[in-house]
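Notes to accompany the following structure.
2 protein chains.
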Amino acid sequence: MKRRVTLKDIAAEVGVHVSTVSRALDPVLSSTITPEVVSRIRATAEQLGYRPNRIAAGLRTNRTMTVGVMIPDITNVIFPPILRGIEGVLEPLGYATIIVNTDSEAERENRLLNVLRDRGVDGIVHAAVLLSDPCIAHVAEDGLPVITLNRRIENSRIPYIINDEEAGIRGMLQHLMDLGHRQIAHLAGPQELSTGQLRLAAFHKVAAELGLDRDELQIAEARRFDEAEGSHCAQQLLRGGRPFTAILGANDRLALGAIEGLRAHGISCPEDVSVTGFNDMCFLDLIRPRLTTVRIQKYDAGRTAAQLLLKLMASGGGDVPLETVLPVEIVIRESTARCPELDHRRRRGGLARI
Amino acid sequence: MKRRVTLKDIAAEVGVHVSTVSRALDPVLSSTITPEVVSRIRATAEQLGYRPNRIAAGLRTNRTMTVGVMIPDITNVIFPPILRGIEGVLEPLGYATIIVNTDSEAERENRLLNVLRDRGVDGIVHAAVLLSDPCIAHVAEDGLPVITLNRRIENSRIPYIINDEEAGIRGMLQHLMDLGHRQIAHLAGPQELSTGQLRLAAFHKVAAELGLDRDELQIAEARRFDEAEGSHCAQQLLRGGRPFTAILGANDRLALGAIEGLRAHGISCPEDVSVTGFNDMCFLDLIRPRLTTVRIQKYDAGRTAAQLLLKLMASGGGDVPLETVLPVEIVIRESTARCPELDHRRRRGGLARI
DNA sequence: CTGAAAGCGCTAACAC
DNA sequence: GTGTTAGCGCTTTCAG
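In structure tokens:
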């Protein structure tokens, strides 16, 4: 491999000392050097094709200009936009990001966290916090800037960014009620995952607030956030024998699976049962019926996380808010319709919506 | 931030020299040290929570144990599985990967390439080569190990991995012919992108081989690989007025868009027109009609790329094959059916397939 | 078998 | 203004 040109090479060429070259090439320190020398140095640097060695600089300054990003699985379509959001703010500033997939396994997460530390990342965006997860907390306490995304770590000072899950659940529930639904089932996500837990809790809370009868509600708990589980849970609900006219899914894939599962039993969405999702993942407009869902911010979540991390890295924690709640948006499409049993009930407003 | 424990700390604690500690901790050099000393050093390293500083090691050895991966856009669902494939082989070996998105822009690609070089990556997997793209070639000539994925750089010794695009096109074309189709349109991808170009070329070549009448074929060229363009091109084909009974899409999204575009004109797939895709992206089984397509390897493509890169980094280029062609698989689903005009033609075998 | 010493490329006190 | 010097944490000759 052709040897890289270093400061020393430039220094020799121009006939000055390395440190002078270093200063001349530093945008802020270059003002302390005779302009003529600066331009001569810059010219030969350019000509020789000099590229600063960030590794060496990092060793000296203890700043590597790289940040770590931990996600459960990049194959999950929710994450790529988030990553682009992070990259969108960090890359122009000269930061590189190292992305690791934890697969939501504590052991893997721990190992990868150490990988990031060994590489001396300047900070970490952690979007894969497990519910029982002390190790990232230790790292943060040691002084490494950390931001968590989609999840708060209890009893810690680690700034976190979350979606307004409750607003999303409320929007969906209100929408279903507006359509006349009262017998609503929640297709909950895995309870060891934060979103699964948060959304179930919100369902309980908001249902009570909205005055839904507890006896008319039911819960099916999926073991994974995928279509197969959605289908499986929908059929389980059916076998349970208790009537329901709507299913509120904890995410889009569960909802999509539920629609398939119902269809297998001759029950169609939205005519017989309304189904709602959560996330608003890509390709939803290609799948019929088009899913009514809660749109969470993805690109902007990443952007926000990066901006917060930047602040945290700069300030050491001073003016960074502990909590940042990202607004969600209700997206009404085709998978929800007026409750078929509506004629037996007293009519209410808001039905013309769809 | 709590100061990291270094070799020096361990040396002081154990009462030996740093270099001894360095050797004791190196799995291969540790055999040159008294076993008892080794175990004492290892014990205190463990106890002190020592973590090697890869930055410092990298500066010394000129190996950073990180590789760069260049892709067009991580938001494109084709790439995440590829990345997991790469990570799957590299991560267990202690490598970290830095992923950059070029957005298929030469200027961005150039800048990001330099970003990777500045960070001293040990090698690069490049899955975003533009057709006119000398800069990566220079880098490779300088001795940095590079593997290209999905695209060959002409006149270079850079090992490349490609899908068997021609076999895929042949499979689809043969399948359509088996169903009686003769008037086939190719919905080509952007010609500045390698897959777009390769698949169009394969279409021309294979159509001739299979004896299709040139006058019955037509081409529509999309400007982007997305549904909107697919729909737009399908309608353009319709307006052209020349009859066709099947559309062979250059990728799945184009095909999906085409189906929508036809539907908007009251033409349904597969009853009136058969449509095929390419790639077999995720979620295809949730979209109706289920798309007949060519499945390319994704995870394995990444795995192969990483393994080749590893070889290249170790050997300096000796025994690494220049070309690696990955097999594709024909996946027949619901978007293709017997040619509706078949009754006017002579029957042939293979029709019972669907 | 282990210690001493040099040095990777860069930055940052400090001196002149 | 610019040169000198030291050192980030590690590896790797070279001695002993």
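First to last, the protein sequences are chains H and P. Oh and the first sequence: position 16 is 16 in my numbering, straight run, nothing missing. Just add 1000 to wherever you are in the second sequence, counting from 1, and you've got my numbering. All residues carry an ideal CB built from backbone N, CA and C; glycine is no exception.
Cα-Cα separation between residue i and residue j, rounded to whole angstroms
i, j, result
"P:Ile-1161", "P:Ile-1147", "8 Å"
"P:Leu-1193", "P:Pro-1159", "19 Å"
"P:Thr-1064", "P:Ile-1099", "15 Å"
"P:Ser-1315", "P:Ile-1124", "15 Å"
"P:Met-1313", "P:Ala-1255", "40 Å"
"P:Glu-1271", "P:Ala-1337", "7 Å"
"H:Arg-117", "H:Leu-144", "9 Å"
"P:Arg-1242", "H:Ala-106", "60 Å"
"P:Leu-1112", "P:Asp-1215", "45 Å"
"P:Arg-1060", "P:Asn-1053", "11 Å"
"P:Pro-1340", "P:His-1181", "9 Å"
"P:Val-1077", "P:Glu-1036", "53 Å"
"H:Val-28", "H:Ile-10", "19 Å"
"H:Gly-211", "H:Ala-222", "26 Å"
"H:Gly-94", "P:Arg-1084", "25 Å"
"P:Val-1129", "H:His-265", "49 Å"
"H:Phe-278", "H:Ile-296", "8 Å"
"P:Val-1320", "P:Ala-1306", "12 Å"
"H:Ala-57", "P:Ser-1156", "34 Å"
In DSSP terms, what residue i is bridged to
i, result
"H:His-126", "H:Met-70 and H:Thr-148"
"H:Ile-99", "H:Val-69"
"P:Val-1331", "P:Thr-1293"
"H:Leu-326", "H:Asn-163"
"P:Thr-1276", "P:Leu-1248 and P:Thr-1292"
Residue i in three-state terms, based on DSSP
i, result
"P:Ser-1030", "helix"
"H:Val-89", "helix"
"H:Leu-248", "strand"
"H:Arg-119", "coil"
"H:Leu-254", "helix"
"P:Ser-1268", "coil"
"H:Val-77", "coil"
"H:Val-5", "coil"
"P:Pro-1035", "helix"
"H:Gly-15", "coil"
"H:Asp-300", "helix"
"H:Ala-228", "helix"
"P:Ser-1104", "coil"
"P:Ala-1352", "In this prediction, P:Ala-1352 scores a pLDDT of 29, lower than 50, which makes its location untrustworthy; the coordinate-derived value is nonetheless stated afterwards. If DSSP states are grouped into helix, strand and coil, P:Ala-1352 belongs with the helices."
"P:Leu-1131", "coil"
"H:Met-313", "helix"
"H:Thr-64", "coil"
"P:Arg-1054", "helix"
"H:Ile-373", "Past the edges of chain H, shown from 1 to 354, lies residue 373 of chain H, and the structure says nothing about it."
"P:Gly-1318", "coil"
"P:Arg-1023", "helix"
"P:Cys-1339", "coil"
"P:Arg-1346", "Residue placement at P:Arg-1346 is flagged as unreliable, the pLDDT there being 40, under the threshold of 50; the coordinate-derived value follows with that caveat. If DSSP states are grouped into helix, strand and coil, P:Arg-1346 belongs with coil."
"H:Ala-306", "helix"
"H:Cys-282", "coil"
Within 8 Å, strictly: CB atoms of residue i and residue j
i, j, result
"P:Leu-1198", "P:Gln-1191", "no"
"H:Ala-185", "H:Ile-247", "yes"
"H:Arg-51", "P:Asn-1251", "no"
"H:Ile-82", "H:Gly-249", "no"
"H:Val-121", "H:Gly-68", "yes"
"H:Asp-358", "H:Pro-72", "Outside the shown range of chain H, which is 1 to 354, sits residue 358 of chain H, and nothing can be said about it."
"P:Arg-1263", "P:Gly-1230", "no"
"P:Asn-1150", "P:Ala-1127", "yes"
"H:Leu-310", "H:Asp-164", "no"
"P:Thr-1097", "P:Glu-1109", "no"
"H:Thr-44", "H:Glu-13", "yes"
"H:Ile-332", "H:Val-294", "no"
"P:Gly-1189", "P:Ala-1228", "no"
"H:Leu-237", "H:Gln-218", "yes"
"H:Val-206", "H:Arg-152", "no"
Query raised in the report: Taking the runs of the beta strand (DSSP E) that are 3 residues or longer, which of them lie wholly in the segment 140 to 220 of chain H?
Result: 146 to 149, 160 to 163 and 184 to 188
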